[in-house]
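Novice:
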Amino acid sequence: MTLIRYVGLDGEMTGSGSRDRKRIAFKEYQLIQIGLATMDAEPLTKYHSGLVFKPETLRTFTSDIGYDEWNSQPQAMEVNKFTSERIKAGPPQETVDRDASIFLDERFGEGVRDLHAVGWNVGSFDMPFVREYLPWIADRFSYRSVDLNSILFSVVDTDDQYKELKRKAKSGAEIILRQMGIQKNFHDAGYDAANALIAFKLLREEILLEEFA
284 MTLIRYVGLD
294 GEMTGSGSRD
304 RKRIAFKEYQ
314 LIQIGLATMD
324 AEPLTKYHSG
334 LVFKPETLRT
344 FTSDIGYDEW
354 NSQPQAMEVN
364 KFTSERIKAG
374 PPQETVDRDA
384 SIFLDERFGE
394 GVRDLHAVGW
404 NVGSFDMPFV
414 REYLPWIADR
424 FSYRSVDLNS
434 ILFSVVDTDD
444 QYKELKRKAK
454 SGAEIILRQM
464 GIQKNFHDAG
474 YDAANALIAF
484 KLLREEILLE
494 EFA
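Counted from 1, the sequence shown has number 358 at position 75 by the numbering used here; the numbering is strictly sequential.
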């Protein structure tokens, strides 16, 4: 039995495009920060094949990505708080791609290429940017990703239910991270990747089981 390997993934970008241009946002804007997060998992019991994530094994990788020129949306830059000086000072794409690949090698083994990205809108938004700007690590990920929004929309009937479950997942992950000494820092790609992976843990192991028991 081959276990699925999950990686929390998040990016900060210089823009997102309007609703009808989401699919080509990665051609118009730049990926300026990448965050990855991993956790070990083990079977619930020796008689139960379901996996339980272990937050104490959480490891993250975060790096800015630098450019000399870029396109940006004012709204996006207000949210992520990146300045022109910070973008220009970031390491080049090739360096970030190499360092992120080393991180994944250390966590999963050299050259493993069946990783599954976990995040909010990760498959439709973040991964196209990763494939455009970080091809080495993009090659490590399966095209099958875990979109947490899709999980929630598959079990709710109203927007209010969706918002409440998302709030529970993100705030629960925030509490666990704070207990580990990691303070809330949304719109930092490393923090968001870690929060998403732990939110996935909570949805799998607690929230959805309690909600629909």
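Glycine is no exception: its CB is placed at the ideal position from the N, C-alpha and C atoms. From a predicted model like this one, the values you see are computed outputs, not experimental measurements.
If distances are taken between C-alpha atoms only, which option among K337, E295, K371 comes closest to E361?
Specialist: In the sequence shown, residue 361 corresponds to position 78, counting from 1. Among K337, E295, K371, the Cα nearest to that of E361 is on E295.
Novice: Only counting runs of 3 or more residues, tell me where the beta strand (DSSP E) segments fall wholly within the segment 316-350, in order along the chain.
Specialist: 331-347
Novice: Within 8 Å, do at least three Cβ pairs link the segment 477-491 to the segment 428-438?
Specialist: With the cut-off at 8 Å, the segment 428-438 and the segment 477-491 touch.
Novice: Compare the C-alpha of S425 against each of M410, K449, V438 and name the closest.
Specialist: Position 142 of the sequence shown holds residue 425. Answer by Cα proximity: M410.
Novice: Just to confirm before moving on: does the CB-CB distance between A476 and A308 stay below 8 Å?
Specialist: To locate residue 476, count along the sequence shown from 1; it is residue 193. To locate residue 308, count along the sequence shown from 1; it is residue 25. No, the pair does not count as a contact, with Cβ atoms beyond the cut-off.
Novice: Does the Cβ-Cβ distance between I420 and A383 come in under 8 Å?
Specialist: Along the sequence shown, read from residue 1 onward, the residue named residue 420 stands at position 137. Along the sequence shown, read from residue 1 onward, the residue named residue 383 stands at position 100. Their beta carbons are under 8 Å apart, which means I420 touches A383 by this criterion.
Novice: So for Y382, helix, strand or coil by DSSP?
Specialist: Within the sequence shown, the letter at position 99 stands for residue 382. A small fix is needed here, since residue 382 is Asp in this sequence, not Tyr. If DSSP states are grouped into helix, strand and coil, D382 belongs with the helices.
Novice: Curious, which full-length alpha helix (DSSP H) runs of at least 4 residues does the segment 365-425 contain?
Specialist: 367-372, 376-391, 410-416, 418-421
Novice: In three-state DSSP terms, what is V295?
Specialist: Here residue 295 refers to the residue found at position 12 when the sequence shown is read from its first residue. Correcting the residue type first, residue 295 is Glu in the shown sequence and not Val. In the structure shown, E295 sits in a strand (DSSP, three-state: E or B).
Novice: Which of the three DSSP states, helix, strand or coil, is assigned to D286?
Specialist: Indexing the sequence shown from 1 puts residue 286 at position 3. Position check: residue 286 holds Leu in this sequence, whereas Asp was assumed. Of the three classes helix, strand and coil, the one that applies to L286 here is coil, per DSSP.
Novice: Can we count R390 as close to the ligand MG, meaning its CB is less than 7 Å from some heavy atom?
Specialist: With respect to the ligand MG, the structure shown offers nothing to examine, as it has no ligands at all.
Novice: Going by DSSP, which residues form a beta bridge with L486?
Specialist: On the sequence shown, residue 486 is found 203 positions in, with the first residue counted as 1. The secondary-structure analysis by DSSP pairs L486 with nothing; it has no beta-bridge partner.
Novice: DSSP three-state call for V362: helix, strand or coil?
Specialist: By 1-based counting over the sequence shown, the position of residue 362 is 79. In the structure shown, V362 sits in a helix (DSSP, three-state: H, G or I).
Novice: When you compare only the Cα positions, how much space is there between D442 and E393?
Specialist: Position 159 of the sequence shown, counted from the start, is the residue given in the question as residue 442. Position 110 of the sequence shown, counted from the start, is the residue given in the question as residue 393. D442 and E393: Cα-Cα distance of roughly 42 Å.
Novice: Is it right to say K310 is buried, meaning 16 or more other beta carbons lie within 10 angstroms of its own, or is it exposed?
Specialist: Start at 1 with the first residue of the sequence shown, and residue 310 comes out as number 27. Of the other Cβ atoms in all chains shown, fewer than 16 fall within 10 Å of the Cβ of K310; this residue is therefore exposed.
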